[in-house]
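Taking our numbering, the leading residue of the sequence shown gets 2, the next gets one more, and so forth. A virtual CB, placed ideally from N, CA and C, is assigned to each residue, including glycine. Predicted, not measured: the structure shown is a model, and the values here were computed from it.
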Amino acid sequence: MSSFYSDMIYEKIVEAGNEAVFIATDFLDIADYETARKALNRLDSYGKIKKICRGVYYNPKFSELLGEYEAPSPHNVALALARKFNWNIAPSGNTALNQLGLSTQVTAHWTYISDGPYNKFTIGNIEIDFKHRSNKEISGMSYKTALVIQALKALGKDNIDESVITKLKKQLSSEEKDNLIKEARQTTAWVYSVIRKICEAK
């Protein structure tokens, strides 16, 4: 295989930065699937990128402080796995709370709901769990809508006060609030009641 495609793919990887995680289908604008897959394997064998698990790669950043390569972002790994398997996913539990700044707890266990099967991946000392949920809990929703719903469920009805509502209100754009109020109509009644408060104009 010509190094032409490898060079183009590597250029795109570098431009995306060290946080990005890739699969072969992310490069279909450059080459067909098989060519992209071989190019990623080639770049991995040359030490330019690192394989996280089968078919999933990242561009590692070397930490002078630690004297080793930094680990990939668990969230970006989860998103790449979702693309690979064509799953719709959203963070759940503490993962959802962390994503929205509602918790600062550092965890080695990342959880997501998914319309795919139950699955678990271990990346170094990090576990990424995908928990199957019915399509109505995730499909047909924007990522942010599903994220907010899961965060509210993780907090629980009795733990949501004005400070939580204010914090979420500030994080959402007008468009995201419009999507949220429309897309969350089929969710649990108490969750939707909170969502209405989040989306209020004032």
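Where residue i falls: helix, strand or coil (DSSP)
i: lysine 170; result: helix
i: valine 107; result: coil
i: glutamate 128; result: strand
i: threonine 123; result: strand
i: serine 7; result: helix
i: asparagine 196; result: Before going on, a small fix: residue 196 reads as isoleucine here, not asparagine. Helix.
i: isoleucine 31; result: coil
i: threonine 146; result: helix
i: serine 164; result: helix
i: threonine 188; result: coil
i: isoleucine 182; result: helix
i: isoleucine 14; result: helix
i: serine 175; result: helix
Selected residue, minimal CA-CA separation from residue i, among the options
i: leucine 148; options: Gly102, Asp162, Gly125 and Cys54; result: Gly102
i: valine 78; options: Phe63, Phe122 and Ala17; result: Phe122
i: alanine 152; options: Val195, Glu176 and Asn120; result: Val195
i: isoleucine 139; options: Ile114, Asn160, Ala155 and Tyr58; result: Ile114
i: glycine 205; options: Lys137, Cys54 and Ala109; result: Outside the displayed range of the chain (2 to 203) lies residue 205, so it cannot be described from this structure.
i: glycine 157; options: Lys170, Asn120, Lys171 and Leu98; result: Leu98
i: glycine 18; options: Tyr58, Ser104, Ser4 and Tyr119; result: Tyr58
i: asparagine 87; options: Lys198, Thr26, Tyr6 and Ser4; result: Thr26
i: leucine 80; options: Arg186, Tyr47 and Ile24; result: Ile24
i: valine 107; options: Tyr119, Asn126, Asn120 and Asn89; result: Asn126
i: isoleucine 161; options: Lys13, Ser174, Gly48 and Ile199; result: Ile199
i: alanine 83; options: Glu69, Thr112 and Leu41; result: Thr112
i: leucine 181; options: Lys168, Tyr193 and Tyr11; result: Tyr193
i: arginine 55; options: Glu177, Leu173 and Arg38; result: Arg38
i: asparagine 89; options: Asp8, Lys154, Tyr119 and Thr189; result: Tyr119
i: tyrosine 34; options: Lys85, Ser64, Pro73 and Gln187; result: Lys85
i: tyrosine 47; options: Gly68, Asp179 and Asp8; result: Asp8
i: lysine 145; options: Phe63, Thr36 and Leu173; result: Leu173
Residue i at chain D interface by Cβ criterion, 7 Å
i: threonine 36; result: Of the protein chains in this structure there is only one, and it is not chain D.
Cβ distance (whole Å) where residue i is taken to contact residue j below 8 Å
i: isoleucine 53; j: valine 22; result: 7 Å
i: serine 143; j: glutamate 184; result: 6 Å
i: isoleucine 124; j: proline 61; result: The pair is not a contact, with the Cβ atoms about 13 Å apart (cut-off 8 Å).
i: alanine 40; j: isoleucine 14; result: Between isoleucine 14 and alanine 40 the Cβ distance is about 10 Å, and since that is not below 8 Å, they are no contact.
i: tyrosine 70; j: isoleucine 31; result: So it is not a contact: roughly 25 Å between Cβ atoms.
i: alanine 155; j: glutamate 128; result: Contact doesn't hold; Cβ gap of about 17 Å is too wide.
i: threonine 105; j: isoleucine 150; result: The pair is not a contact, with the Cβ atoms about 21 Å apart (cut-off 8 Å).
3 or more residues per run - each beta strand (DSSP E) lying fully within the region 35 to 101
51 to 54, 57 to 59 and 90 to 92
Determine contact between the region 130 to 141 and the region 79 to 96, defined as no fewer than three beta-carbon pairs at a distance below 8 Å.
Touching, yes, given that three or more Cβ pairs across the two stretches are closer than 8 Å.
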